[in-house]
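Chemist: The numbering used here numbers the first residue of the sequence shown as 6 and each following residue consecutively.
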Amino acid sequence: MTDTARVRTVVRDAQAVAWDTVERIKDDAERASRPTPDDFTGRVEPRWHPLSIDQGDLGLAFMYATADRIDPAAGWDADAHQHLSEVGASFASVGPIGPGAFGTGAVLLAFRALSRGGTRYRRAESEAERVLRERLRSLIRSSPLRGGLPTATYDLASGVAGALITGLATADADPSARQTVIEAAAALSIWARHAPPEGLWTPPTGVTDFERAHRPETASGYVDLGYAHGVAGVLAALGGAHRAGITVDGLDDAIDHLRAELTADLIDTKWGVDVPYRRTAAVYSEYLPARTAWCYGGPGVALALAVSARDRDEMRAPEQLWRSSVDRPRAARNTAGAGICHGTAGLLLVGRALSRAGLAVPDTDLLELVGEILDQHDDGSRYGFRDLDQHGVAFDSAGFLQGAAGVAAALLSITEDDPSPAETIFTGVADVRAR
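The following block contains the structure:
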């Protein structure tokens, strides 16, 4: 089989599996009441919530938005509308959710992705933009000027970095988003330049009860090195601001500081360089590598370093991290299933984003990752793919962040060069350009 024929075959198979998964999720009227295990506590119970990016209507809106982008005549926008209605009603009635990319930022991006060029959901989109700005400003005002912060204050998922990345993704159509970008970039640039126990260091007072119980090494304070919840996500956000031509005091110094910090924290393994989950106040003889995923580990840090690179020399570290991530045996990655956050689909989206950010990622890497995802397809499962709980036990999940909905969206994304709505929320910072 020629390389071209192999590519066509893999893409065709991926599309067939993805569309089948989307249909299975659509047809399961009871998905919201099905119990799934909590990532942290392991408690098995129904966890569906309209504003959840994983087990919720918000996540499925992104799956349908991606399907609609690939096949706009098939009516996926109507399916998405049902979920967006739930999102809008809940957003108007529940208490504040954070401004991050998995909170208010995700609400805004979902309405934007399904707006058909701004012709739909204008009022909902405008309200999400207003709320995001308010919650960002409130979060910054209530935080110590010099830092020393819980990760949820500054990170991509819940905090200021996610608000910045959302603003960068929406600034082309919303001039007011530029002010959001400036305010978020200014706050992160200040925090990133301060050393522990200030800056992006989480002090003992910011350590959660869960962390004290399950990660006792964090009790004296730590720096989270992940993309979803740590300084790698902050670096990616600031790198995106630099790419967009944003000017705030200390931006370049903050990027320099975070790049130096992350590269100093790299560790050597028999497969190449890697990244631990965090650096703690307690001194250990050895830091173990994190899982090789979008959320933590080499792929996410590679994306942050690539997006923030300002010359070819600064692309060496992300290239090394990427090669180490994909060249190691699958069993050595410590990933969980095929999902985006913890699994193989996340690696696929990161690889595509690295290419758009300027790193030479071979097509063979991406084809191998698609093949790995297809190897995990389980036609006998409810949705075609199964997630893994913290003990490695497989379960059915229609979730977007880590379940079958996200896998389907990732597989559909490979059919086009331009980033899909699923890619915008997870890796869209790679697509920021100066305006």
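Glycine included, every Cβ here is placed at the ideal spot set by N, Cα and C.
Remember, it's a predicted structure, so these values are computed and weren't measured experimentally.
Quick check: the Cα distance between alanine 336 and glycine 245, rounded to an integer number of angstroms?
Modeler: Each residue's alpha carbon lies about 33 Å from the other.
Chemist: Taking the beta carbon of aspartate 401 as the centre, do at least 16 other beta carbons fall within 10 Å, making it buried, or is it exposed?
Modeler: Aspartate 401 should be labelled buried.
Chemist: Could you tell me the alpha carbon to alpha carbon distance between leucine 63 and glycine 105, rounded to whole angstroms?
Modeler: If you take the alpha carbons of leucine 63 and glycine 105, they lie about 14 Å apart.
Chemist: Look at the alpha carbon of leucine 114 and the alpha carbon of aspartate 261, and state the distance between them as a whole number of angstroms.
Modeler: For leucine 114 and aspartate 261, the distance between alpha carbons rounds to 29 Å.
Chemist: Leaving out five residues before and five after arginine 338 in sequence, what residues of the same chain have Cβ atoms less than 6 Å from its Cβ?
Modeler: Within the same chain, arginine 338 has close Cβ partners Thr297.
Chemist: Taking the alpha-carbon positions, what's the methionine 6 to valine 437 distance?
Modeler: Residue confidence is low: methionine 6 scores 49 on pLDDT, short of 50, so the model does not pin down where it sits. No coordinate-derived value is stated.
Chemist: Determine the contact status of alanine 410 and leucine 65, defining contact as a CB-CB distance below 8 Å.
Modeler: Yes. Within cutoff.
Chemist: Quick one: grab the DSSP three-state call for arginine 283.
Modeler: Arginine 283 falls in the strand class under three-state DSSP.
Chemist: Going by CA-CA distance only, name the one from Asp84, Pro155 and Thr41 that's closest to threonine 210.
Modeler: Considering only alpha carbons, the answer is Pro155.
Chemist: What residue does the alpha helix (DSSP H) around arginine 117 start on, and which one ends it?
Modeler: Counting along the chain, the alpha helix (DSSP H) containing arginine 117 begins and ends at 109–118.
Chemist: Have a look at Gly167, Gly172, Ala286 and Ile251 and flag the residue whose alpha-carbon is nearest the alpha-carbon of glycine 235.
Modeler: It is Gly167 whose Cα lies nearest to the Cα of glycine 235.
Chemist: Could you pull out every unbroken alpha helix (DSSP H) segment of at least 4 residues lying fully inside the segment 120–179, listed in chain order?
Modeler: You should have 127–146, 156–159 and 165–175.
Chemist: Round the Cβ separation of serine 194 and leucine 256 to the nearest angstrom and send it over; I've been treating them as touching at under 8 Å.
Modeler: That pair is a contact at about 5 Å.
Chemist: Starting from serine 261, trace the alpha helix (DSSP H) both ways and give me its first and last residue.
Modeler: The question names serine, but residue 261 is aspartate in the sequence shown. Residues 256–269.
Chemist: To the nearest angstrom, how far is it from the Cα of glycine 305 to the Cα of valine 366?
Modeler: Approximately 15 Å between the Cα atoms of the pair.
Chemist: Which value, in whole angstroms, describes the spacing of the CA atoms of glycine 443 and arginine 220?
Modeler: Since the first residue shown for the chain is 6 and the last is 440, residue 443 is missing from the structure and cannot be characterised.
Chemist: Assign valine 366 to one of three DSSP states: helix, strand, or coil.
Modeler: Residue state, collapsed to three classes: coil.
Chemist: Thinking C-alpha only, which one of Leu173, Thr349, Gly108 and His199 is nearest alanine 189?
Modeler: The residue with the shortest Cα to Cα distance from alanine 189 is Leu173.
Chemist: One question on the structure: do tryptophan 299 and phenylalanine 96 come within less than 8 Å of each other, judged by their Cβ atoms?
Modeler: Result no, Cβ atoms of tryptophan 299 and phenylalanine 96 do not sit closer than 8 Å.
Chemist: On the criterion of 16 or more Cβ atoms from any shown chain inside 10 Å, does arginine 198 qualify as buried, or is it exposed?
Modeler: Buried, since its Cβ has 16 or more Cβ neighbours within 10 Å.
Chemist: Does any CB atom of chain D fall closer than 8 Å to the CB of glycine 167?
Modeler: The chain inventory of the structure shown lacks chain D, comprising one protein chain alone.
Chemist: For my contact list, serine 225 and threonine 274 are in at a C-beta cut-off of 8 Å; report their separation, rounded to the angstrom.
Modeler: Rounded, the Cβ-Cβ distance is 26 Å, inconsistent with contact.
Chemist: For arginine 217, does the count of other Cβ atoms within 10 angstroms reach 16, so buried, or fall short, so exposed?
Modeler: Exposed.
Chemist: Can you tell me whether DSSP reads proline 449 as helix, strand or coil?
Modeler: Only positions 6 to 440 of the chain appear in the structure, and residue 449 is not among them; the question remains open.
Chemist: Pick helix, strand or coil for phenylalanine 431, following the three-state DSSP scheme.
Modeler: Helix, per DSSP.
Chemist: Would DSSP call phenylalanine 457 helix, strand or coil?
Modeler: The structure shown does not extend to residue 457, since the chain spans only 6 to 440, so no value can be given for it.
Chemist: Applying the criterion that 16 or more other CB atoms from any shown protein chain within 10 Å of the CB defines a buried residue, is threonine 109 buried or exposed?
Modeler: Buried.
Chemist: Can you grab the Cα-Cα spacing for the pair tryptophan 327 / leucine 406, in whole Å?
Modeler: The alpha-carbon atoms of tryptophan 327 and leucine 406 are separated by roughly 22 Å.
Chemist: Taking C-alpha atoms, which residue in Leu263, Arg283 and His347 lies nearest to alanine 311?
Modeler: Of the candidates Leu263, Arg283 and His347, the one whose C-alpha sits nearest the C-alpha of alanine 311 is Leu263.
Chemist: Short of 6 Å in beta carbon distance, which residues of its chain neighbour proline 55, apart from the five on each side in sequence? Order them along the chain.
Modeler: Here the set comprises Gly61, Asp62, Glu91, Val92 and Ser95.
Chemist: Helix, strand or coil for tyrosine 232 per DSSP?
Modeler: Coil at tyrosine 232, not helix or strand.
Chemist: If you drop the 5 nearest sequence neighbours on each side, which residues of the same chain put their C-beta closer than 7 Å to that of glutamate 377?
Modeler: So the list reads Arg335 and Thr349, once near-sequence residues are dropped.
Chemist: Who does proline 51 pair with in a DSSP beta bridge?
Modeler: Per DSSP, Pro40.
Chemist: If we call anything under 8 Å between Cβ atoms a contact, is glycine 231 one with tyrosine 159?
Modeler: It is not a contact, given that the beta carbons lie outside the stated cut-off.
Chemist: With a 10 Å radius around its C-beta and 16 neighbouring C-beta atoms as the bar for buried, classify alanine 111 as buried or exposed.
Modeler: With 16 or more other Cβ atoms within 10 Å, it is buried.
Chemist: Write down every uninterrupted run of the alpha helix (DSSP H) in the segment 53–92 whose length is 4 residues or greater and which is fully enclosed by it, in chain order.
Modeler: Listed in chain order, they are 62–75.
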